[in-house]
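Heads up: the protein sequence lines correspond to chains Z and P, in order.
Take 1 as the starting number for the first sequence in the numbering used here and just add one per residue.
Take 1001 as the starting number for the second sequence in the numbering used here and just add one per residue.
For glycine and all other residues, C-beta sits at the position ideal for the given N, C-alpha and C.
Notes to accompany the following structure.
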Amino acid sequence: MITTPANILSSMPSSVRLRIRDITSTHEAELVLDPTLRVGAVAQTAASRMSLPADTSWALRDDTTAAFLDDDAAIGDAVGVNGDTVVFLTATPRAHLGAGCP
Amino acid sequence: MPLTAGQRDLLASSPDVFADQWSLSIVLRKSADSPTLLAEPVTEADLAEARSEAWLNGFLRQGHPDLPLEAVTTRVAPLFTDDQCIGFALRATGSKGQAANGAPSVYTFGVQCLAPVAQRASARLLADGRLAQDDTYVYELHARPGPTTTRHMPEQAGIKITTRTVPLRFATRALEPLLTAARPVGEILDDVLPVIFTEAAHEKSRLFARRGADKTPAVETGAILLGELCVCPDSSEMFVTVDDAIEVVDAEQQEFSLIPSSRSWTRVQAVLDRLTRTDAAGTRRLVGQSHGHNFGLVGEPCALCATAKECSRTTVFVSAADRTFMRTVFAGQPFALCWIAGTNARAEEVSSLFTLRAGVLQARGYHVVESFPATDSPLTT
Chain Z
1 MITTPANILS SMPSSVRLRI RDITSTHEAE LVLDPTLRVG AVAQTAASRM SLPADTSWAL
61 RDDTTAAFLD DDAAIGDAVG VNGDTVVFLT ATPRAHLGAG CP
Chain P
1001 MPLTAGQRDL LASSPDVFAD QWSLSIVLRK SADSPTLLAE PVTEADLAEA RSEAWLNGFL
1061 RQGHPDLPLE AVTTRVAPLF TDDQCIGFAL RATGSKGQAA NGAPSVYTFG VQCLAPVAQR
1121 ASARLLADGR LAQDDTYVYE LHARPGPTTT RHMPEQAGIK ITTRTVPLRF ATRALEPLLT
1181 AARPVGEILD DVLPVIFTEA AHEKSRLFAR RGADKTPAVE TGAILLGELC VCPDSSEMFV
1241 TVDDAIEVVD AEQQEFSLIP SSRSWTRVQA VLDRLTRTDA AGTRRLVGQS HGHNFGLVGE
1301 PCALCATAKE CSRTTVFVSA ADRTFMRTVF AGQPFALCWI AGTNARAEEV SSLFTLRAGV
1361 LQARGYHVVE SFPATDSPLT T
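Right, dumping it as structure tokens:
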């Protein structure tokens, strides 16, 4: 049987707190969530609930580090904080400008 | 768009049309006479831009800037001529029941407004091999009684979410003196949302959009536009001002696209956060974007070149990518601006401002002033 050492278990947050806004700071959401959820699923759920178009792929950007979170990572690992700290993120559409083709 | 006389007659001939629920779909065929390839449902989300435009024209521009989008309910009804569905109408009703003019606001939209639905369907047909890359298709709008399709994200276990939409804040400015002092650019249409740039912001929008034209090969470059939503105390008209532009830097600049990176967005966000901290009135915000379609047109001049005063073959158009960018970055903001620069077939620089009109980003004129006077106290919705 594989067991997890008690000191690691005690350091794992039971929930993560996020505050997500869109790029224009028009829509905001506060989330308390299971840290094992995937970043991609959190982004799409939050975007949908924030009345952002759900047929677009959304990424989460950390307002502190400016880095996009990895869609496939667990949200708890991606933001790397315990349950008491609120992490500020921006929901960013995977969209670009441009003619696409002439 | 306000109703034309013909559309008014259409609706008048069936006054209860809004009493029924209607389900719309876009039907794709290879040609007008060929069998149906696919019937793609028009969902609630597909109507979001049309709904927000009805909110803009029926409420924000009619003396109700305090009414949030969420407080407006809409009913959809198809527009028929003979047996053909030529578009749809939306009836928008505010939380207090009526719009400013005492009657529910009704706006009409053509089939073209649902082009993204057709594009979504064609992408699926391409993926499963029923359409080839170079195939063309036609699409038409169908309507039948029934509720509009709604696609909710499945509930995600383990998430507790509370959301809010930040109220719009408006600067109070008299519109008429600004327009009197302004120079018009392009054709000024009577029924569109007034837009006023400062000379400096206009030049920065152009400069950043065209910066990529100097590279070899030319690449796309652009800026995010800053300004205010304003309401006129005399006419109650709403309008948009643009007083600055932030260059989109650290983006992936390609010949036919401009892809903002995390650093691009971080810079924009930093400016927005600084504005929030330093703008005592709290009215300045992101109001749109400018970018350049800087690739040149290739080919011989057309037959009209020798005689036409202006060349209408240009690289200035709203692409599918531009439209997606606008409806995602500026979701629920039907007043957002899309300013595009490029060249025509004579290699002359051209540009145009596009805003939502009848559910489509359409070219329209605007005004440019030297500067804006200080505002009165802000109005918060």
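Straight-line CA distance for residue i to residue j?
| i | j | result |
| --- | --- | --- |
| Z/I2 | Z/D77 | Note that Z/I2 scores 48 on pLDDT, short of 50, meaning its location in the model is unreliable; the coordinates nonetheless yield the value given after this. Cα-Cα distance, rounded: 21 angstroms. |
| P/F1317 | Z/A99 | 8 angstroms |
| Z/A47 | P/A1270 | 21 angstroms |
| P/L1189 | P/V1195 | 11 angstroms |
| Z/D62 | Z/L37 | 17 angstroms |
| Z/R21 | Z/P93 | 12 angstroms |
| P/Q1062 | P/L1193 | 11 angstroms |
| Z/S107 | Z/V32 | The structure shown does not extend to residue 107 of chain Z, since chain Z is modelled only from 1 through 102, so no value can be given for it. |
| P/L1240 | P/T1172 | According to the sequence as given, residue 1240 of chain P is Val; it is not Leu. Distance between the alpha carbons of P/V1240 and P/T1172 is about 11 angstroms. |
| P/C1311 | P/L1304 | 8 angstroms |
| P/F1295 | P/E1252 | 16 angstroms |
| P/A1306 | P/A1347 | 14 angstroms |
| P/S1122 | P/D1322 | 18 angstroms |
| Z/T64 | P/A1050 | 36 angstroms |
| P/L1337 | P/A1213 | 22 angstroms |
| P/G1299 | P/T1315 | 13 angstroms |
| Z/I8 | Z/V81 | Note on Z/I8: pLDDT 46, under 50, position unreliable in the model; the coordinate value appears next. Each residue's Cα considered, the two are about 14 angstroms apart. |
| P/T1221 | P/R1210 | 7 angstroms |
| Z/S57 | P/H1367 | 36 angstroms |
| P/K1309 | P/M1238 | 35 angstroms |
If we count the other Cβ atoms within 10 Å of its Cβ and call it buried at 16 or more, is residue i buried or exposed?
| i | result |
| --- | --- |
| P/C1113 | buried |
| P/L1126 | exposed |
| Z/T90 | buried |
| P/P1217 | exposed |
| P/C1230 | buried |
| P/R1144 | exposed |
| P/S1031 | exposed |
| P/P1233 | exposed |
| P/V1017 | buried |
| P/S1235 | exposed |
| P/Q1289 | buried |
| P/A1132 | exposed |
Relative to the C-alpha of residue i, which residue among the options is closest?
| i | options | result |
| --- | --- | --- |
| P/P1035 | P/A1209, P/Q1362, P/Y1139 and P/E1255 | P/Y1139 |
| P/T1043 | P/T1216, P/G1087, P/T1324 and P/T1149 | P/T1149 |
| P/G1359 | P/N1057, P/L1038 and P/S1023 | P/N1057 |
| P/V1185 | P/D1135, P/E1199, P/P1177 and P/F1208 | P/E1199 |
| Z/P35 | P/A1245, P/Q1254 and P/K1160 | P/K1160 |
| P/G1087 | P/S1095, P/F1109, P/T1093 and P/L1069 | P/F1109 |
| P/C1064 | P/S1095, P/S1319 and P/A1209 | As written in the sequence, residue 1064 of chain P is His, which differs from the Cys given in the question. Considering only alpha carbons, the answer is P/S1095. |
| P/A1089 | P/L1141, P/I1224 and P/H1293 | P/L1141 |
| P/V1382 | P/I1026, P/V1369 and P/L1297 | Lying outside 1001 to 1381, the shown extent of chain P, residue 1382 of chain P is not represented and no answer is given. |
| P/K1215 | P/G1129, P/L1067 and P/G1292 | P/G1292 |
| Z/R17 | Z/L97, Z/A95 and Z/D84 | Z/D84 |
| P/L1356 | P/Y1107, P/T1276, P/S1264 and P/R1277 | P/Y1107 |
Is there a C-beta anywhere in chain Z that falls below 8 angstroms from the one on residue i?
| i | result |
| --- | --- |
| P/R1285 | yes |
| P/R1327 | yes |
| P/G1359 | no |
| P/V1106 | no |
| P/L1258 | yes |
| P/L1272 | yes |
| P/F1208 | no |
| P/Q1289 | yes |
| P/R1164 | yes |
Can you determine whether any heavy atom of the ligand FMN sits closer than 7 angstroms to the C-beta of residue i, and answer yes or no?
| i | result |
| --- | --- |
| P/K1204 | This structure lacks the ligand FMN; in fact it carries no ligand of any kind. |
Please check if any C-beta of chain P sits within less than 8 angstroms of the C-beta of residue i.
| i | result |
| --- | --- |
| Z/M1 | Caution is warranted here: a pLDDT of 47 is assigned to Z/M1, below 50, making its placement in the model unreliable, and the coordinate value is therefore given only provisionally. By this cut-off, Z/M1 is not an interface position. |
| Z/F68 | yes |
| Z/A99 | yes |
| Z/D72 | no |
| Z/R19 | no |
| Z/L33 | yes |
| Z/V86 | no |
| Z/P102 | For Z/P102, the predicted model reports a pLDDT of 38, less than 50, meaning its position is unreliable; a value from the coordinates is still stated below. Answer yes: the Cβ-Cβ gap between Z/P102 and chain P drops below 8 angstroms somewhere. |
| Z/A103 | Absent from the structure is residue 103 of chain Z, since the part of chain Z shown begins at 1 and ends at 102. |
| Z/D77 | no |
| Z/L60 | no |
| Z/A6 | Because Z/A6 sits at a pLDDT of 46, beneath the cut-off of 50, its placement in the model cannot be relied upon, and the following sentence gives the value as read from the coordinates. Output row for Z/A6: interface = no. |
| Z/T109 | Nothing about residue 109 of chain Z can be read from this structure; chain Z reaches only from 1 to 102. |
Is residue j closer than 8 angstroms to residue i when the C-beta atoms are compared?
| i | j | result |
| --- | --- | --- |
| P/A1363 | P/S1352 | yes |
| Z/T45 | P/Q1156 | yes |
| P/L1258 | P/V1248 | yes |
| P/V1111 | P/W1022 | no |
| P/V1350 | P/G1342 | yes |
| Z/P53 | P/A1115 | no |
| P/E1070 | P/P1334 | no |
| Z/V79 | Z/V87 | yes |
Strictly below 9 angstroms CB to CB, what residues from chain C border residue i?
| i | result |
| --- | --- |
| P/T1324 | No chain C appears in this structure, whose protein chains are Z and P. |
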